[in-house]
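According to UniProt numbering, the sequence shown is numbered sequentially starting from 1. Glycine included, each C-beta is placed from N, C-alpha and C at the ideal position.
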Amino acid sequence: MAEEVDRISFLPEDVKISILSRLVVKEAVRTSVLARSWRHIWTLLPSLRLGRYRDSLGDTCNDFDHSTVSSTWIQRVNHLVSSLQGPFLLFELSLLFVLDMVPSNLLQRLLHLLLQKGGVQTLDLSFSYSDKVMPPQPAPFFLNLPLPVPVPLRLHSYHSLKVKVWLPPFHSLKVLQLEGCQLVLPNQFQGFHSLTALSLSDVIISNHHLHLLLDTSKNLTTFKFYARNLDLVPDLSLNISLPLLTNVNFEINEMVDKICLVSTPLLEQAYISVGNFESKKLAQVTLGLLNGLSMVSSLHLDSHVLETLSLHALPSSFSFPQLKCLTFILKVDTLDKRTCDVFHWLLKSMPFLEELHLQLLSFSKQTEGVATLMRELLVKKQNGFSCLNQSLKRVTISMYLLLNLMSGLTVVKFFLLNAKMLKLMKILYSDDDDELSMIEELKKVEVASSDAKVVMFNIRTEVTVDVK
C-alpha cells in the first residue's frame with residue numbers, strides 16, 4: 001500500500017494563509033499542530049473579524065459581572081493581536097455591552113497595539129449597548145472571514161454615547177466609519193492621508209475637529225454624514241472643500257445650521273434625507289444644500305424632503321442641468337397641495353432627466369394622496385416638464401406597504417401618456433391581488449412613445465405587458 005503524501009503542507013504560503021482566512025480563529029490556531037510548516041502560518045493572518053457573543057466565554061451571561069466579562073474578553077483579544085505579525089488589511093471588532101460599563105482603557109490599548117503592528121487599511125469597531133441581559137446565542141467566539149471589499153471603521157452606541165475614541169495615526173487607513181460615539185482627535189493631528197471613505201453617524205465631535213478631519217483628508221471620494229439625534233453636533237456649520245469627492249450622503253436635523261459644498265468639482269452622486277421636523281430653519285438648510293448639488297448627475301431624496309421644503313418659499317430660478325437620474329421616496333399619505341408644488345418644482349428644475357425612480361409608500365389604504373399628486377401633475381405638466389418631451393427614457397414605480405396596485409396605476413399612466421422618449425417602464429410591487437386588473441388597464445393606455453416597454457415585477461414573477 002502506497003504511503004500517503006501530505007500535499008497540503010507543500011502548498012505555497014499565500015495559499016495556506018487564504019485557507020486559514022476562511023476558518024474561525026480558534027480553528028486556524030489549531031492548524032499549528034498539523035506539521036512544522038504550519039506552525040506559524042496563523043500568525044500571518046492579514047485580517048481578523050472578532051465577535052463578542054453572550055456565550056463566547058463558554059458560560060451563560062448570568063455567570064459573570066458584565067464589566068468583568070467585557071474586560072476579560074478584550075484582554076484575550078489583546079493577547080491574540082499580540083501573537084500576530086501584522087500589519088492588517090482588515091480588523092473588525094464587535095462588542096456588546098450591558099449598561100454603560102465600557103473598559104475604554106483596554107480599547108485604547110488595543111488600538112495602539114494595532115498601530116504597533118503596522119496599522120490597518122480597514123478598521124471596523126462595533127459598539128452596541130443593551131439595558132438588559134439577553135439570553136445566550138450560540139455562535140463562534142472568533143470569526144475570521146475574508147471580505148472582497150473594504151469594511152469601514154464602525155463605532156456603534158445605541159443606548160449610550162459615552163464611548164470616547166482616540167484614534168492613533170493609522171497612516172494606511174482607507175475607510176473610516178463611526179457611529180454613536182464621541183470622537184476625539186489627538187493633539188497635532190496630521191490627518192489620514194490615505195482615507196478615501198468617511199462616514200459619521202450620530203457622532204459627537206466638535207466643529208473644529210470635524211473640519212480638521214475633513215481638511216486633512218483631501219483624498220476622500222465618499223463622505224456620509226448622519227445627524228439623527230438632536231443632541232449631536234449642535235449648531236453644526238459645515239463647509240466642504242474636497243477636490244476628489246464624488247459621493248455624498250447627508251441625513252440632517254434642525255440642529256444643523258448650514259452645510260455648504262464650497263469646492264467639490266467631481267461630485268456626481270448625492271443622497272439627502274431630513275429628519276421629520278416641521279422646521280423652517282431645516283427647510284432653509286436643505287434648500288441651501290440642494291443648491292450646492294446643482295451639478296450632480298444622480299440624486300436620491302427621501303420622503304421628508306418634500307414636507308420640509310414645503311415650509312419655505314421656493315426660488316423661481318433653480319436648475320440641475322446635469323442631473324440624469326432621480327430617486328424619490330414618496331409617502332402618499334402626506335401628499336397635499338404644498339408638497340405637490342415642491343415635487344413639480346423639482347421636476348421642472350431637471351430638464352435633461354433620463355431616469356426616474358419613484359418609491360410610493362402608504363401606511364393606510366386611503367388613496368387621496370395619489371389622486372392629489374396626479375391632479376397637480378396633470379394641471380402643470382405643460383408648464384416646464386421639458387424632460388417628458390426630450391429626455392426621460394426609464395421610469396421605475398415601486399409600490400410598497402398598503403398601497404394597492406390600482407392606486408399606483410394612476411402614476412404609471414401619467415408617464416406612459418406623457419413621456420415621449422420613454423423606453424422602459426418598470427413596476428415593482430408585492431401585492432398581486434389586482435395584478436390581472438392592472439394588466440388589462442395598461443393594455444388600454446395610449447402610450448406616447450412607440451418604443452415603450454412595460455415590465456411588471458412582483459416577488460415571484462416577471463410579467464411583460466404589451467402596450468402597443
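Just to confirm my understanding: we take Gly292, look at its own chain, exclude 5 residues before and 5 after, and list those with CB closer than 7 Å. What are they? Cys260 and Leu261
For Val120, write down the residues that DSSP places opposite it in a beta bridge. Phe88
Sub-9 Å separation of Thr327 and Leu301 beta-carbons: yes
Quick one, are the C-beta atoms of Ile17 and Leu44 less than 9 Å apart? yes
Looking at the structure shown, is Asp451 part of a helix, part of a strand, or coil, going by DSSP? coil
For Ala419, which residues in the same chain have their Cβ closer than 7 Å to its Cβ, ignoring the five residues on either side in sequence? Leu388, Leu392, Val395, Ala448 and Ser449
Using a 10 Å radius around the Cβ and a threshold of 16 neighbouring Cβ atoms, would you call Asn253 buried or exposed? buried
Distance, Ser83 Cα to Leu267 Cα: Counting only the Cα atoms, Ser83 lies some 43 Å from Leu267.
Which value, in whole angstroms, describes the spacing of the CA atoms of Ser297 and Gln390? 17 Å
To the nearest angstrom, report how far apart Thr308 and Leu115 are at their CA atoms. 45 Å
Pull up the distance between the alpha-carbon of Ile439 and that of Asp451, whole angstroms please. 18 Å
With distance defined between alpha-carbon atoms, name the residue in Lys324, Val342, Leu335 and Leu238 nearest to Ser206. Leu238
Name the one or two DSSP bridge partners that Cys325 has. Per DSSP, the beta bridge partners of Cys325 are Ser298 and Glu355.
Classification of Asn144 by the beta-carbon crowding that lies within 10 angstroms, buried from 16 upward: Residue confidence for Asn144 is low, a pLDDT of 41 falling below 50, so the modelled location carries little weight; the figure read from the coordinates is stated next. Buried, by the Cβ-count rule.
Starting from the Cα of Leu213, find the closest Cα among Val184, Val120 and Leu358 and give me that residue. Val184
Taking the straight line between their C-alpha atoms, what separation do you get for Val465 and Thr122? 47 Å
With DSSP as the reference, label Phe223 as helix, strand or coil. Residue state, collapsed to three classes: strand.
Are there 16 or more other CB atoms within 10 angstroms of the CB of Glu13, so buried, or fewer, so exposed? exposed
Sort Leu358, Glu92 and Leu107 by Cα distance to Gln75 and report the nearest one. Leu107
In the DSSP assignment, find the alpha helix (DSSP H) that holds Phe414 and state where it starts and stops. From DSSP, the alpha helix (DSSP H) with Phe414 extends over Leu405 to Asn418.
Looking at C-alpha atoms only, which residue of Val81, Leu323 and Leu125 is the closest neighbour of Leu113? That would be Val81, whose Cα lies nearest to the Cα of Leu113.
Residue burial classification, Phe10 (beta-carbon count within 10 angstroms, cutoff 16): exposed
C-alpha distance - Ala283 paired with Phe225, whole-angstrom precision: 18 Å
Curious, which full-length alpha helix (DSSP H) runs of at least 4 residues does the stretch 190-217 contain? Every alpha helix (DSSP H) stretch that sits fully inside the stretch 190-217 and reaches 4 residues is listed by chain position as 207-215.
Alpha carbon of Pro265 to alpha carbon of Leu373, nearest angstrom: If you take the alpha carbons of Pro265 and Leu373, they lie about 35 Å apart.
Buried or exposed for Leu242, going by 16 or more other Cβ atoms inside 10 Å? So Leu242 counts as buried.
Distance between His344 and Met295 (C-alpha atoms, nearest Å): 19 Å
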